[in-house]
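A.B. asks:
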Amino acid sequence: MHPETTQQLMLLLIILFPLGGAVFNGLAGRYLPKGLVTLVAVGSVAVSFVLAVLSFIELYGLSHDHGAGHAALVYHFYEWFSVKIPGGTVVPIDVRFTMDSLSGVMTLVVTGVGGLIHMYSVGYMGEDEGYPRFMSFLNLFMASMLILVLGSSVPVMFIGWEGVGLCSYLLIGFWYENRDYAAAGRKAFVVNRIGDFGVLIGMFILVGVAGSFEFADINQAAVNGQFQGDFPIWLFGMAPSLATVACLFLFLGCTGKSAQIPLYVWLPDAMAGPTPVSALIHAATMVTAGVYLCCRLSPLFITSDVAMSVIAVTGTLTALLAASIAVVQREMKKILAYSTVSQLGFMFAAVGVGFFAAGFFHVFTHAFFKACLFLGAGSVMHAVHAHGDADIFKLGGMRKYMPTTRWTFLASCLAIAGFPLTSGFFSKDEILLGAAAQIYRGDDPLIHGVGWFVLIGLTLAAVMTAFYMFRLYFLTFTGEYRSADQSGAHPYDAHPHESPASMTIPLMVLGTGALVVGFLGLPHVLPITGTHLDQWSWWGHWMHSSVAGQPVPEELHIVNLASGLAFGAMAIGISAAWVLYRNKSEDLLQQKIPARLYQLAFDKWRVDELYAATIVNPIKKVATVAGHADMTFVDALMTKLPSFNVRESGRVLARMQNGVVQMYGAVMIVGLVGVMAWYWTPHSSIQAEFDGKSVALSTPPGLGYEYRWDANSDGDFETEWSGTPSTSFEYGDDDIRGVAVFIINSQSGATKRVEVGEEWVSLPLESVIPAEFISAQDSGFEVRVDGRDILFRKPFARTKGMGSKEIRLPMGSHGRLGSARVVGRPLVEATLEVRNAFGNARVTTKEIALPFDTESPAHASLTRPRDEVFR
Amino acid sequence: MGIGTYLALASVLFGIGAAGFLVRRNMLIQLMSIELMLNSVNVVLLAFNRAHPGNHDGQLFAFFVIAVAAAELVIGLSILIAYYRIKKTLDTDDATLLKY
Amino acid sequence: MNTQILTWLLAVPAVAALVILAFPRSWETGIRRFSVAAMLVELVLSLRLVFADYSGAGYNFVEHIAWVESFGISYKLGVDGFSLWLVVLTTALSPVALYASWGSVTKSIKEYAFSFLLLELGMLGAFLALDLFLFYVFWELMLVPMYLIIGVWGGKDRVYAAVKFFIYTMVGSLLMLVAVLYVVSSYEQLAGHYTFDLQELSNLVLPALPQYLCFSAFALAFAIKVPMFPFHTWLPDAHVQAPTGGSVILAAVLLKLGIYGFIRFAMPLFPVASQALGPVLAGLGIVGIIYGAYTAWVQRDLKKLIAYSSVSHMGFILLGLFAMNRTGISGAMLQMINHGISTGALFLLVGVIYDRRHTRMLDDFGGLAKVMPRYTLFFLIITMSSIGLPGTNGFIGEFMALAGTFFSRTPIGFGSSWFIMTLLATTGVIFAAVYMLHAVLRMFWGKVTHEENESLPDINSRETLAVLPLVVMVFWIGLYPKFFLDKMNPAVDSFVTDFTVRYYEGRRTSEARLVDFDELKARLEAAGELAMTERSEEEARR
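Chains as they are written, first to last, in the numbering used here: chain U, 10 to 880; chain W, 1376 to 1475; chain Z, 30 to 571.
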């Protein structure tokens, strides 16, 4: 997957020219003559296109040297920043641009179609007072789109990805004085941001697994199977693969950018922007970015059946849903917008069935015919002075007034409907072939089911496509012009005219393209004999190295099935439109289907309302509540409550300062009585110090105290009453009252005491030693007293040939268990009686753990050397 | 008579003084109660001085206490008079300007 | 190398403030020019710091003079990769804020300039101090001028806001003082002498319980300053009431001191506690991200909206910080600079419109794009920076903070909840677009709905001069962040290593101990035990 690369500065210049144009026109355009603005704006894109062509030629030459598509041009600009991923690897993020077979084609489309649309805009937007701003935004869009296409790593692509989103926002809201338009721009940006969220997360997974942000490295990692591991978080009781999760997050980004279910809602609203914007951004280039991303990462996507199925089903559903809406819309751009959503669905369906090259081929052909359709619509609107959008039921008969627009529009309609030998025919055919091939591939029920679903769904969508496109064509261009009579509610200009050359030339170029570019995908040999797409068309061959794909079945009947369905769908759709709409001015369909169904489809299945009710409004409600709660509840809790507490407690305490001297005196006397009560009885505590076998006992001295000691608590006081607060004593065997084992953290000295007897008791190591410092073998010790020794054992330890699993430790000696020290100590008890000047006495006792055995352990023998026993 | 008797007398005197100080509202009476408590202390000092005949510290301290009591009375009475001139009363219940 | 440079940095504002006091009150132009000039000199001085070598782990330009020897208090200053850019941010934004203020502040010019210079002194001192006592002195010193700036030159409810700001911040820092004294006295019991020197104190290893208590005290002080949800309610009040210059400094620099305090003091001194409580703070950071965004969305006062957006942004910073890896901490550090630039610029821009209309309510605007195109351009650029569009500075910081969170599955990180935390935090990216574009829509798009707005003058050259450097920085950091990150990364790397060592040492201990930290680190490095982190990461991946 790593192609041979050649450094090429032109790649940077391709981007910098439009960027420079954008900055120039954006900052200075307002103060410059229109001609100069045009020159800079169109000129920069033209130069960019020329450079793109030159680069492509070089790439083409290189691929001949290295085998088709196995070469790429790169330009390494500089290191942007880097992240450190687990394992300590520092992953650099380079601003680097790559042109390989995939991005090369896309660059040509972007600069070529983009250049034509720039040219068109000169005519279309020339009179607008915001013309320099418009051209600046368009140029900025070109630069962003080229960064998106040429970026060789995910983050760099992401610059373009969000950059085109920004331009889309700015251009949809270009006529910002209409607040609805501006709101549509905001909607587009926010919905796209939801998708960007997915791309960000997907990106993190990618770099976490592949250790690189570069597309080539990620694809290589996917080919090496690095993405086959289970995702660390399980969903619904099953572990998806890393590839599935990464792909689904990335696909979320694609649904945003490429207007798929569930995030397609912004695209129809985006038609608020000027028509060239709709053509360039919302039809030909930006919205296909999602498909481009899937193709870019096709070796990764193809490893996850689940993600692929989700994509295929989503694409098909989108194609159907959008087509069903387009069938009943009344406005040109709205129909075209839903048509775009639907065609994008086709592309994703192709991607989902593993025919990436076919999907991308549809991107390519779609760029021509859909741009041409939008520009044609713009031309019509320009002619009748329609603002915003044009109601096709108020148009009609346009073929008389604007023949160029009509013929190019017709050509594009044929192409999108899939009329044989037009570009759409080839691309749509391949998509259906992909779906058919999936049915025959393998015997996984998921794959089969998805294949059937896609095939049937797309065929239905294709019928509707042909139908609504020709409905649009017939109502607009055939029959009589319904606004010629200026009476009634017909707002459009009574005298339409053909558009100027700057607008018709792009139309003609694109219309021609719509007819002929499909031949790039013409199979070399018929019938198909090979096993891969690349072996049967120039397109597939060219795309082979940068795009993965499923093999094509060899059976001829599959191919025939797909072609038959495509042709049939086209034929049915066009015929139905012919019958219902040719030279008509009424919506006959409306009379033939139930009114409520028609209305529902006309209201776009009320999806916007559904989102508003289920997502937007609840979030807004939460936000409103949060906004109110912050200054009331949170502030009250964190600020007002403490200050209230201080104030009120101060108020209560202040009451006590009542100024009555007797009150103060009374309090003083109460205090005095308290102090006297404390001194009424003596207080003492016992401390022991060890010096050899002798134990020094002492207590803190007190004024007027007298002491007497009973060091072994046998009831006989060894000393008489005296003023010295200390004594010393040697304990014997008879004084011992029990045995305690101490576990000591050898680092810190933290100690735990366990009293032991003749029975086994367990030893709580973990209460002293942090869990991570206890090995599995250390836990589970038990201990008991055996004569003068302490016995330790592991109750469940496997003895492994050792004679005894018990460890013997003499009283008072230290041993080691893991990282803990243990010691057994005899317990004795000392008693002290203290008397004060009032004659009151108090008895204090204290348990003392002796750090030595009371007698020399003559009979205690160590069974083994200590080191061996205690590890 | 043992020292206990003297101490008992002193305790009783002190108790009367303390109770008087706390219970009575007239500042003059309160000053007199304070004198009573100081005198009970003097009794204790003198009693202990008698118990330790070789040492005259107790008597010395009793003189100190008397001197201090005299000084305190001088200041206390002058405050009292000044206060009476302003408020026309010696009731402590009315002298609560220092409260919160 | 001129080793006195940090003292000069502190001396210039201090001396300038005293000189200002000697100016006659009527000499307003002189005061204005002199104060800004002094700050510009300061900026030039601080640029000297940038050209030092930050490839090592230690401090540069260290100055160490004994101050109160019997208590081990010293005047110790130093600068490293963490403080470098914050110092430069301070010196760069102070003149901008003061310069921008001269359009709107007309009463008590002299005192205003004096307060601002004092404020700069306090902020720089806090960033440069390496002695806990010195830090505390500067930390409290900052409060007074800010209190005055809000309370004297602020809006209608300025006194309430100023008192709230002062008391809120003071409560936290007093608890911090108690913790500082505890640490110092623990040190004294073991070492036999007092010290407030951060580097010496870092040899002290405290057991878990005191660490929790002290860290909580420090964290409260810093969390209030940040401000972290739910300790943020002073911020909207303070911002709304503060004059433009005060808001700029408050948002751009003062808030950063909270995070800086975490990274410089709280985390190295109490590693066990910050490890255990870090996820809690990061979780509150996430709450802050989402909650701040929600509340920002429904605000009708533009300044409040930006104030709440700060809460949201600071959440990202907290999150990156407690991800406890290089990517996250570097991202947090960079995001601090970014937030300073973009929010500072936003407050400047709000000041521009406030000076013209004397209102900040979104309802009072609409259609400004038509009237003030250049202003709109600036506002849009800063908006994009604020919502983290790639190519602007905001993206780099957010990306790194989120990536840090995502990769934070080390023993000293969030472990298995990393994915959920990243998911939640990343939704903040969506909401940022929602609330900022909401504000843009209400202010700039649509028709001009208020007559007063029809003839508003566009942003003038003085205001442009104030905003333009920030716009340049937006793109500089956005397009070439490496320049900034390269100076931070060594400090961050060594911070992470030191933290690991301190964490394990603290985890092992149950009573206060003194260790020779450098020796310990060298020993562990030699024994290869520091690779423990990497190993566990490997295990986590499998």
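For every residue, glycine included, the Cβ atom is placed at its ideal position computed from N, Cα and C.
With DSSP run on the structure shown, which of helix, strand or coil describes Z:M353?
C.D. replies: coil
A.B. asks: Only counting the same chain, and skipping five residues up and downstream in sequence, which positions put a Cβ closer than 8 Å to that of Z:S84?
C.D. replies: Within its own chain, the residues whose Cβ lies closer than 8 Å to the Cβ of Z:S84, once the five positions on either side in sequence are excluded, are P519, listed in chain order.
A.B. asks: Buried or exposed: U:G363, going by 16 or more other Cβ atoms within 10 Å of its Cβ?
C.D. replies: buried
A.B. asks: For U:L836, which three-state DSSP category applies?
C.D. replies: strand
A.B. asks: Contact between the segment 198-208 of chain U and the segment 166-178 of chain U: three or more CB pairs below 8 Å?
C.D. replies: yes
A.B. asks: For Z:V500, I'd like the list of residues in its chain whose CB is within less than 8 Å of its CB, leaving aside the five on either flank, ordered along the chain.
C.D. replies: A374, F407, I410 and I411
A.B. asks: In chain order, what residues of the same chain have a beta carbon less than 6 Å from the beta carbon of U:V852, not counting five sequence neighbours either side?
C.D. replies: E842
A.B. asks: Could you tell me how far apart the beta carbons of Z:A461 and Z:S415 are, in whole angstroms, since I believe they sit closer than 8 Å?
C.D. replies: 7 Å
A.B. asks: Using a Cβ-Cβ cut-off of 9 Å, state whether U:A846 counts as contacting chain W.
C.D. replies: no
A.B. asks: Could you tell me whether the Cβ of U:V655 comes closer than 9 Å to any Cβ of chain W?
C.D. replies: no
A.B. asks: Indicate the three-state DSSP secondary structure (helix, strand or coil) for U:K717 in the structure shown.
C.D. replies: The question names Lys, but residue 717 of chain U is Arg in the sequence shown. Residue state, collapsed to three classes: strand.
A.B. asks: Let me check understanding here. Comparing Cα to Cα, which of U:I311, U:V199 and U:C304 lies closest to U:A252?
C.D. replies: Checking every option, the nearest Cα to that of U:A252 belongs to U:I311.
A.B. asks: Below 9 Å between beta carbons is the criterion; list the residues of the segment 134-149 of chain U that meet it against any residue of chain Z, in chain order.
C.D. replies: R142
A.B. asks: Please return the same chain residues whose Cβ sits closer than 7 Å to the Cβ of Z:D545, not counting the five positions on each side in sequence.
C.D. replies: N232
A.B. asks: State the beta-bridge partners of Z:T421 as determined by DSSP.
C.D. replies: Z:P419
A.B. asks: Determine, using beta carbons only, whether U:K629 comes closer than 9 Å to chain Z.
C.D. replies: Closer than 9 Å: yes.
A.B. asks: Helix, strand or coil, according to DSSP, for U:E564 in the structure here?
C.D. replies: coil
A.B. asks: Would you call the CB atoms of U:A197 and U:S177 closer than 9 Å?
C.D. replies: yes
A.B. asks: Less than 8 Å between the CB atoms is what I'm expecting for W:V1440 and W:A1385, so what's the real figure, rounded?
C.D. replies: At roughly 12 Å, the Cβ-Cβ gap does not stay under 8 Å, so W:V1440 and W:A1385 are not in contact.
A.B. asks: Are U:G282 and U:G194 close, meaning C-beta to C-beta below 9 Å?
C.D. replies: yes
A.B. asks: Quick one: which chain U residues come within Cβ less than 8 Å of W:K1462?
C.D. replies: Residues of chain U with a Cβ closer than 8 Å to the Cβ of W:K1462 do not exist; the shortest Cβ-Cβ separation is about 14 Å.
A.B. asks: Measure the alpha-carbon distance for Z:D2 versus U:G680 and round it to whole angstroms.
C.D. replies: Residue 2 of chain Z falls outside the range modelled here, since chain Z spans only 30 to 571, and no answer is possible.
A.B. asks: Just curious, the alpha helix (DSSP H) that W:A1393 is in, first and last residue?
C.D. replies: From DSSP, the alpha helix (DSSP H) with W:A1393 extends over I1378 to V1398.
A.B. asks: Could you check whether Z:V209 and Z:L161 sit closer than 9 Å to each other, using their CB atoms as the reference points?
C.D. replies: yes
A.B. asks: Give the DSSP-derived three-state secondary structure of U:Q599 in the structure shown.
C.D. replies: helix
A.B. asks: Which same chain residues, not among the five before or five after U:F861, have their C-beta less than 6 Å away from its C-beta?
C.D. replies: G821
A.B. asks: Quick one, are the C-beta atoms of Z:S437 and Z:G312 less than 9 Å apart?
C.D. replies: With respect to Z:G312, Z:S437 sits apart: the two C-beta atoms are not nearer than 9 Å.
A.B. asks: Quick one: any contact between the segment 142-156 of chain U and the segment 20-37 of chain U, if contact means 3 or more CB pairs under 8 Å?
C.D. replies: yes
A.B. asks: Interface residues of chain U around Z:G475 at Cβ under 8 Å?
C.D. replies: Neighbours of Z:G475 in chain U, taken as residues whose beta carbon is under 8 Å from its own, are Y185, E186, N187, R188 and A191 in chain order.
A.B. asks: Can U:F258 and U:V208 be called in contact, C-beta distance under 9 Å?
C.D. replies: yes
A.B. asks: Would Z:R54 pass as an interface residue toward chain U - the criterion being a Cβ-Cβ separation below 9 Å?
C.D. replies: no
A.B. asks: Counting only Cβ pairs nearer than 8 Å, list the residues of chain U close to W:F1396.
C.D. replies: Q671 and G674
A.B. asks: How about the segment 88-97 of chain U and the segment 340-359 of chain U: do they share at least three Cβ pairs that are nearer than 8 Å?
C.D. replies: Short answer: they don't touch.
A.B. asks: Alpha carbon to alpha carbon, what distance is there between W:S1408 and U:Y673?
C.D. replies: 15 Å
A.B. asks: Should Z:I318 be labelled buried (16 or more other beta-carbon atoms within 10 Å of its own) or exposed?
C.D. replies: Residue environment for Z:I318: buried (at least 16 other C-beta atoms within 10 angstroms of its C-beta).
A.B. asks: To the nearest angstrom, how far is the alpha carbon of Z:G395 from that of Z:F164?
C.D. replies: Z:G395 and Z:F164: Cα-Cα distance of roughly 46 Å.
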